Amino acid sequence: MQKNEGESRVEITVPLMSEEEASLLPITCLQLKDVDDCSNDDQNHENELGKRLWNESKKLWHVVGPAIFSRVTSYSTVIITQIFAGHLGDLELAAFSIAYTVFVGFTYGLLLGMASALETLRGQAYGAKKYHVLGIYLQRSWIVLFLSAVLILPIYILTTPILNPLDNRMIYLS
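Just so we're aligned, residue 248 is where the sequence shown starts under the working numbering, counting upward by one.
Right, dumping it as structure tokens:
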């Protein structure tokens, strides 16, 4: 703390970071004394940035590539099935479309939505370094998703009796 004579203002000097933390920071061109070194450093930094970006991109594609392949093949299966149903006839295509919409609406909408809510909890537990909680969340999610699937199962089993009265009403309306 410094106090200048004749002034009523008090200056407090507190370092923002320790010397260890400051030594970890990268050296910028403003910190360099020689201008020639600064221009060479900028070129080296751009080359280094490009290499780091390429390496990070390769790592990312190793993780994301299988997920992309899985998603594309999953949607391709549905599209190919729908094409074959369309070749069978209009009624079959309509039946497939309704069945798939119900399946996607209930199964993916409900169960995948509940499962993706777990991602937030997993991230929080991992960030807090509570690794044992990750296993607990996994086990609880299995139980909750299993019970939800069991509750949805009667809808799938009783689809025909549920939709038959609707079909009869549609015939009388047309």
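Each residue gets a CB set at the ideal place from its N, CA and C atoms; glycine is no exception.
This one's a predicted model, so the numbers in the text were calculated from it and none came from an experiment.
Length of the line joining the Cα atoms of residue i and residue j
| i | j | result |
| --- | --- | --- |
| residue 359 | residue 383 | 19 angstroms |
| residue 405 | residue 302 | 53 angstroms |
| residue 361 | residue 370 | 15 angstroms |
| residue 401 | residue 388 | 21 angstroms |
| residue 315 | residue 366 | 19 angstroms |
| residue 412 | residue 306 | 55 angstroms |
| residue 194 | residue 409 | The chain is shown only over 248 to 421; residue 194 falls outside these bounds and no answer can be derived. |
| residue 300 | residue 328 | 40 angstroms |
| residue 339 | residue 330 | 11 angstroms |
| residue 334 | residue 345 | 17 angstroms |
| residue 397 | residue 336 | 33 angstroms |
| residue 392 | residue 304 | 35 angstroms |
| residue 309 | residue 403 | 38 angstroms |
| residue 298 | residue 313 | 24 angstroms |
| residue 341 | residue 407 | 15 angstroms |
| residue 296 | residue 311 | 22 angstroms |
| residue 278 | residue 317 | Model confidence at residue 278 stands at a pLDDT of 49, short of 50, so the residue's coordinates are unreliable and nothing is read from them. |
Buried versus exposed, by CB contacts within 10 Å (16 or more), residue i
| i | result |
| --- | --- |
| residue 375 | exposed |
| residue 364 | exposed |
| residue 276 | Only weak support exists for where residue 276 lies, its pLDDT of 48 falling under 50; the value from the coordinates is given anyway. With fewer than 16 other Cβ atoms within 10 Å, it is exposed. |
Whether residue i touches residue j by CB criterion (8 angstroms)
| i | j | result |
| --- | --- | --- |
| residue 350 | residue 332 | no |
| residue 399 | residue 353 | yes |
| residue 321 | residue 357 | no |
| residue 381 | residue 372 | yes |
| residue 325 | residue 347 | yes |
Cβ-heavy atom distance, residue i to the ligand ATP, below 7 angstroms
| i | result |
| --- | --- |
| residue 315 | This structure simply doesn't include the ligand ATP, nor any ligand for that matter. |
Neighbour flag for residue i against chain C, beta carbons, 8 angstroms
| i | result |
| --- | --- |
| residue 385 | The structure shown contains no chain C; it is built from a single protein chain. |
Can you list, in chain order, the stretches of the alpha helix (DSSP H) that have 4 or more residues and sit fully within the stretch 342 to 416? If one requires a minimum length of 4 residues, the alpha helix (DSSP H) runs lying completely within the stretch 342 to 416 are 360 to 374, 378 to 404, in chain order.
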